[in-house]
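K.L.:
Under the UniProt record's numbering, think of the first position of the sequence shown as 1, with each following residue one higher.
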Amino acid sequence: MRLAKKGLLEHLDAMKAPEEGDASASTWKVNDMKAFAIVSTMISTNLQSMVRTAETTAKAWDILKTFFLRQSMHNRVQLRRQLHEFKLAKGGSIMDHFLRFDELCMTMQAVGQEISQDEHLVILLGSLTRDYDPIVKIIENMPGMTLFHAKEMLRREYDGMARTEHQEIALKSTHTSKYKKGPRRHMGRSSSRGEKFSGRCYRCNKYGHKRQDCKAEQVETERSGERESIYCVKSDVSWMVIGQWGKQPHVSRQK
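#1: May I ask you to report which of helix, strand or coil DSSP gives Arg80?
#2: So, under 8 Å CB-CB, Ala58 and His11 are touching, yes? Tell me the CB distance rounded to an integer number of Å.
#3: I need the DSSP call for Tyr207, collapsed to helix, strand or coil.
#4: So for Arg100, helix, strand or coil by DSSP?
#5: Rank Arg156, Arg203, Cys201 and Arg2 by C-alpha distance to the C-alpha of Met42 and give the top, closest one.
#6: Three or more C-beta pairs under 8 Å: does that hold for the stretch 152-160 against the stretch 111-123?
#7: Identify which residue in Glu119, Ile169, Gln167 and Asp159 has its Cα closest to the Cα of Leu147.
#8: May I ask which residues mark the beginning and end of the alpha helix (DSSP H) holding Lys34?
#9: Nearest by alpha-carbon distance to Gly7: which of Met15, Tyr202 and Asn31 is it?
#10: Count Cβ pairs between the stretch 80-93 and the stretch 101-110 that sit closer than 8 Å; are there 3 or more?
#11: Classify Arg227 as buried or exposed, calling it buried when 16 or more other Cβ atoms lie within 10 Å of its own Cβ.
#12: Let me make sure I understand the geometry here. Which of Gly160, Ala162, Leu47 and Tyr132 has the alpha-carbon closest to that of Leu88?
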């Protein structure tokens with residue numbers, strides 16, 4: 001410390017100041033002004049405005065000490081509040097949660113707020129979501145549980161939950177794609193059911209109907225598949241039956 005190197009460290013204690021009538025009082029005041037100047041150069045501009053009205057180095061030091069103690073108390077309260085309000089987000093990563101928890105605990109230790117391992121474990125288990133309730137109950141009932149082993153068990157539980165979630169998503173995706181509705185097909189039905197066919201007919205090469213609904217196809221079918229026509233002629237001798245199957249005539253005679 002710069003005051004110790006200059007031999008002015010005693011000026012921080014108001015009890016060591018001599019009386020007004022003492023012979024060393026004038027020398028003390030000169031050295032006290034030097035100590036005050038050194039302290040002023042060691043702090044920021046905002047803090048310098050706080051000690052500007054101080055008459056001695058000891059009074060300036062008391063002002064600074066009170067301010068930093070108040071700030072330290074405020075920081076401890078805020079950190080403690082953050083620690084108890086620290087919660088794992090729904091579906092969040094347990095490893096990221098561990099990192100943030102450890103950083104918060106180390107910050108509290110840096111400001112002089114010591115936390116026991118048991119309290120660490122209690123706060124960590126209390127910060128988890130209800131999805132971890134089964135494993136939390138197991139950890140609570142295990143004797144001699146440490147923070148390290150609890151983190152390892154929670155990590156394994158998180159990995160198992162992640163695998164299960166991925167399998168459910170894959171199964172749901174497969175089920176959805178299997179029964180997903182696509183464009184309806186005619187399946188050999190007539191387009192008169194209200195579903196207009198937009199393709200091309202293989203018979204007449206026209207658009208708007210299928211070959212099975214094509215009029216040209218129907219006419220050709222009727223011509224080639226006419227039913228049997230029978231004509232009978234009666235005479236005294238016999239019956240003559242003239243039949244026609246398709247385009248080929250057939251004649252038979254009966255007596």
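No residue lacks a Cβ here, since even glycine has one placed at the ideal position from N, Cα and C.
P.N.:
Let's see:
#1: Counting from one through the sequence shown, the residue named residue 80 turns up at place 80. In the structure shown, Arg80 sits in a helix (DSSP, three-state: H, G or I).
#2: To locate residue 58, count along the sequence shown from 1; it is residue 58. To locate residue 11, count along the sequence shown from 1; it is residue 11. Indeed they touch by this definition, with Cβ atoms about 7 Å apart.
#3: As a position in the sequence shown, residue 207 is number 207, starting the count at 1. Strand at Tyr207.
#4: Numbered from 1 along the sequence shown, position 100 holds the residue referred to as residue 100. Residue state, collapsed to three classes: helix.
#5: Numbered from its first residue, the sequence shown carries residue 42 at position 42. Here the closest residue by C-alpha is Arg2.
#6: no
#7: Reading the sequence shown from its first residue, position 147 is the one you call residue 147. Closest option to Leu147, Cα to Cα, is Glu119.
#8: Mapped onto the sequence shown, residue 34 falls at position 34. Start and end: Ala25 to Thr41.
#9: To locate residue 7, count along the sequence shown from 1; it is residue 7. Per the Cα distances, Asn31.
#10: yes
#11: Locating residue 227 in the sequence shown gives position 227, counting from the first residue. Summary for Arg227: the model assigns pLDDT 48, below 50, so the residue's position carries little reliability; its value from the coordinates is reported in the next sentence. Classification for Arg227: exposed.
#12: Taking the sequence shown and counting its residues from 1, one reaches residue 88 at position 88. Of the listed residues, the one whose Cα sits closest to Leu88 is Tyr132.
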